[in-house]
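This report refers to the structure that appears directly beneath it.
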Amino acid sequence: MNALSEDNIVVRTLLNVLDPSTEQRDACTVNRYAALKKLRVSIPSPVVENMYDAPSRPAHIVVEERLSSCTISVSWSDPCSGRYNAQIWRSGLARDAAVCALTGRAISRGDEVFRPRAHDFHVPSNRHQMILAATLDPHAEQAVA
């Protein structure tokens, strides 16, 4: 009797795989869209309506090395976004107003900043953070604890 009910479960599962219901298809489509959306690099940064509601600065940031005129190596440690050692940040222009992750200074739209480099296969959780390029001294290592 038990074997018969297990067979029915297997048969029902196989039938659901071969011919899923509309609810199952819709759920799979939503999940697939959400997974693709996570991979996008151009996801807009979270909007902060009040600067006092802005996320706090990370626990520890060290600008390890200036690799070239447009890239730096950063060690990042934050309880929310994790730990990154020798993460490559690339220079660019700020698309929105923000706060410098290293110093806490205001960043205006169009300021030259450094951001974590992202790829199609790997988007870091700190991708929205920026470091104001004007705050970096090319000869000294900087750390914020």
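First residue of the sequence shown: 1, per full-length UniProt numbering; consecutive thereafter. Each residue gets a CB set at the ideal place from its N, CA and C atoms; glycine is no exception.
Of the other Cβ atoms in all chains shown, 16 or more fall within 10 Å of the Cβ of I107; this residue is therefore buried.
By a beta-carbon distance limit of 8 Å, T135 contacts R105. Their separation comes to about 7 Å. Comparing alpha carbon positions, the residue from N85, H128, C70 closest to W76 is N85. C70 and S91 have their C-alpha atoms some 5 Å from each other.
By a beta-carbon distance limit of 8 Å, L102 contacts I61. Their separation comes to about 6 Å. Looking only at L132, C100, W89, the smallest Cα-Cα distance to H119 is reached by W89. Take the alpha-carbon of A94 and the one of S125: they are about 18 Å apart. DSSP, read as helix, strand or coil, puts A118 in coil.
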